[in-house]
Amino acid sequence: MKKTSAIIFCLLQLLLFVTSASALSPEITNGLNYLTSIQNPDGSWGSEITDTESLPSTVSVIETLQILDQTALSNYSNALSWLQSQGIDTSDFLSKRIHALSVPGTDDDLLLSYLDALIYAWGGYADYETNNLDTALALQALKQINYSDQETVSYALGYLVSTQNPDGGWGFYQDDDSNVYMTAIVLQTFIQFNDIYDLQSEIDSATAYLLTKQNPDGGFGSSPSTIYETALPLISLIDSGQGSAVQIQNAINYLLSTQLPNGSWEDDPYSTALALGALSNVKPNLSISYSDIAFSNPTPTVGETITLTATIHNEGPAQADNVLIYFYDDDPSTGGIFIGETSIPSISAYSSSPASISWTIPTASARTIFVKVDSTGSIDELDEADNITSKNLTSATLPDLSVTSADITFSPLAPMPGEQVSIIATVRNTGETAANTVLTTN
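In our numbering, the protein residues as written are 928 to 1369.
Written out as structure tokens, the structure reads:
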């Protein structure tokens, strides 16, 4: 009876999982099914004999479940409980554990105590034993919890800048030879802080190094390619917006082609988690900026019908389908008037497409035209923050011709009978648009 109940419980868990993952691609769903099927009874993944394999594997799966928004699963909560039960007196993979635990709702003080336990190893402190891996992951954890002490953050970033090799890559410690794994992790850290600190030069050098390590099969690493050395650079290249469409697509194809029929990569939870994390970034990224809006007549008049055109870009590595574009007269968030909508059937990865509608100018005034892409959020994108922009448009009144008695004069003012008289009329245009070929009659 107990065995039957356990089977029913497992089936229910699998049903819940399949339902929550139904919106994901088949490759990701199959990979997640593999991970849930091999989770250890204690909530971990990997070897049940030693934690040497369990810690990195479990941390990687936890992070992947976070990325894929699968945190409602009992698999996730069980894994998190297992990870939290690993005392900080066990220093193995402590920085990776800190990074996995730095999620919204986590006790920040607990995380900081973990970081203090790692004080000897990361570049937030002046110590000869610091290393790049712990420093990078500690910084990512601090970023996740919005750590306020920028002096510590700046010191740690400066340490990583100082340990970047001339070839653009990083090793595990200062003066260590560059490798793909370490370079991808530090690059991901710099991307997260580039909006606060100017790290673009270091990012450019790191991506250039990584691209030299892409093999003919599309994967990354010292030949032959490996799953983990391909997954991490792919994530960083997509997030940094660097690398050509061909280079990124080749890396995606390598990961897709190496997935096994059981949904795993190399029958290994660590490799599978990293591959799933990378493939979760294979999304479109729709964007529009000020320069992408054009008007068929930039100085229209009241009642005139003009064409509003918006060029929509897809800066992500996946095609976007059924892209809806909305046009507004003024900011829609503050009551702007809806002008109209149109759609683009599809926009391929790393390409763009124009969308246009006609609009009849209702009144004469200075106005701002807003264009919003996918306002309902129906398309899963890498970044939703660049989907709206605006451009100013000034519409003018029609010509307004007028003449009054004061505008009419005669020459001469007192003509004699039979004398020719010139009648001079001043015609005024009080409108905002020029009047051409104006005819007058006496």
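Each residue gets a CB set at the ideal place from its N, CA and C atoms; glycine is no exception.
If you're wondering where the values come from, they're calculated on a predicted model, not measured in any experiment.
Counting along the chain, Ser1270 sits inside the beta strand (DSSP E) bounded by residues 1264 to 1274. In chain order, Asp1166, Ser1167 place their CB closer than 6 Å to the CB of Ile1118, counting only its own chain and leaving out the 5 sequence neighbours on each side. Counting C-beta atoms within 10 angstroms of its own C-beta, Glu1308 has 16 or more neighbours from the protein chains shown and is therefore classed as buried. The DSSP-derived three-state label of Lys1070 is helix. Note on geometry: alpha-carbon atoms of Tyr1217 and Phe1297 lie some 9 Å from one another. Per DSSP, the continuous alpha helix (DSSP H) segment holding Ile1165 begins and ends at 1154 to 1167. For Leu1087, the enclosing alpha helix (DSSP H) begins and ends at 1077 to 1089. Put simply, of Gly1345, Leu992, Ala999, Ala1293 the residue whose alpha carbon is nearest the alpha carbon of Trp972 is Leu992.
Put simply, of Lys1318, Val1209, Thr1079 the residue whose alpha carbon is nearest the alpha carbon of Asp1310 is Val1209. Here Ser1332 carries a helix assignment [DSSP, helix/strand/coil]. Here the alpha carbons of Ile1315 and Thr1090 stand approximately 39 Å from one another. Under the three-pair Cβ rule at 8 Å, the stretch 1260 to 1271 does not count as touching the stretch 1211 to 1231.
Between Ile965 and Pro1196, the beta carbon gap of about 6 Å places them in contact (Cβ cut-off 8 Å). Note on Asn1058: 16 or more other CB atoms within 10 angstroms of its CB, so buried under the neighbour-count rule.
In this structure, Thr1110 lies near Tyr1136, with their beta-carbon atoms less than 8 Å apart. Per the DSSP secondary-structure output, Pro1188 pairs with nothing in a beta bridge. Uninterrupted beta strand (DSSP E) stretches at least 3 residues long and entirely within the stretch 978 to 1011 do not occur. When secondary structure is reduced to three states using DSSP, Thr1321 falls in the strand class.
Asn1177 and Asp1194 have their C-alpha atoms some 22 Å from each other.
The beta carbon of Ser1275 sits closer than 8 Å to the beta carbons of Asn1241, Gln1246 from its chain, once the five residues preceding and following it are set aside; these are given in chain order. Secondary structure of Ala1202 (DSSP, three-state): helix. In chain order, Glu954, Asn957, Gly958, Trp1192, Ala1202 place their CB closer than 8 Å to the CB of Gln1186, counting only its own chain and leaving out the 5 sequence neighbours on each side.
When rounded, the separation of the alpha-carbon atoms in Asn1092 and Asp1103 is 8 Å. Ser1163 counts as buried, since no fewer than 16 other beta carbons sit within 10 angstroms of its beta carbon.
In this structure, Pro1225 places its C-beta atom within 8 Å of the C-beta atom of Leu1320. Looking at the backbone, the Cα of Ala1312 and that of Gly1145 are separated by about 31 Å. Secondary structure of Phe1099 (DSSP, three-state): coil. Sequence-distant Cβ neighbours of Val1080 in its own chain, meaning closer than 7 Å and more than five residues away, are Leu1066, Leu1069, Tyr1074. When Ser1305, Asp969, Thr1134, Lys1318 are compared, the shortest CA-CA separation from Trp1009 is found for Asp969. Around the C-beta of Leu1340, fewer than 16 other C-beta atoms lie within 10 Å, and the residue is accordingly described as exposed.
C-alpha of Ser1152 to C-alpha of Arg1294: approximately 55 Å in a straight line. For Ser1105, same chain residues with a beta-carbon under 7 Å away, outside a window of 5 residues either side, are Asn1092, Asp1094, Gly1096, Trp1097, Gly1098, Tyr1136 in chain order.
CA-CA distance, Asn967 to Ala1063, rounds to 29 Å. Here DSSP, grouped into helix, strand and coil, assigns Pro1281 to strand. No Cβ-Cβ contact shorter than 8 Å links Val988 with Ala999. Ranking Ile1123, Tyr1003, Gln1347 by CA distance to the CA of Ser1338 puts Gln1347 first.
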